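Novice:
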Ligand SMILES: [Zn+2]
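Residue numbers (the numbering used here): 468 to 616.
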């Protein structure tokens, strides 16, 4: 279906075509063989101009991720974890690391730092989204003139 309008994705704010009035599927990659990997969760939803419901849904999802990551971080910091995974710099494969491994302390520090970074990132995204949702007002998708989209 040809799109006659464009609007903003509620999740990533990308300007997208609106076939059938909904945000087109976007945010995916097509590695090598043409199949799609991943996609933005704002696809097939009303654009930001029409609703913020998907953004509210996503904010709740971020809260769940944040809570889960904080539980994981607490386990790492308390020493409850006996095994970790570390990506080999030689083979790129994931290697199982135990407390007896000489790289345990380094792997643990790097793992904790990674989770802390993820928590900071999710928290920042959630705060920005909260502000954006609070300021939401209905708008009009833009009509596309003269080009086929
Ligand atoms: Zn998006």
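A virtual CB, placed ideally from N, CA and C, is assigned to each residue, including glycine. Just so it is clear, the structure is predicted and the values come from calculations on it, not from any experiment.
Rounded to whole angstroms, what's the CA-CA distance from residue 533 to residue 599? Just pull it up for me.
Specialist: Residue 533 and residue 599: Cα-Cα distance of roughly 19 Å.
Novice: Please report how far the alpha carbon of residue 506 lies from the alpha carbon of residue 478, in whole angstroms.
Specialist: Approximately 11 Å between the Cα atoms of the pair.
Novice: Flag residue 526 as yes when its Cβ comes closer than 8 Å to any non-hydrogen atom of ligand 1, and as no otherwise.
Specialist: For ligand 1, not one heavy atom lies less than 8 Å from the Cβ of residue 526.
Novice: Could you tell me the distance, in whole angstroms, from the CA atom of residue 508 to the CA atom of residue 556?
Specialist: So the alpha carbons of these two residues sit roughly 32 Å apart.
Novice: Within 8 Å: the Cβ of residue 600 and any heavy atom of ligand 1?
Specialist: Outside the cutoff, so no.
Novice: Beta-carbon of residue 558 versus every beta-carbon of chain B: anything under 9 Å?
Specialist: Protein chain content of the structure displayed is limited to a single chain, and chain B is not contained in it.
Novice: With three or more beta-carbon pairs closer than 8 Å as the criterion, would you say the region 541 to 558 touches the region 566 to 582?
Specialist: Yes, they touch.
Novice: In this structure, what does DSSP give as the bridge partners for residue 482?
Specialist: For residue 482, which the question treats as bridged, DSSP gives the partners 475.
Novice: Is it the case that the CB of residue 510 approaches a heavy atom of ligand 1 more closely than 8 Å?
Specialist: Checking the Cβ of residue 510 against ligand 1 gives yes.
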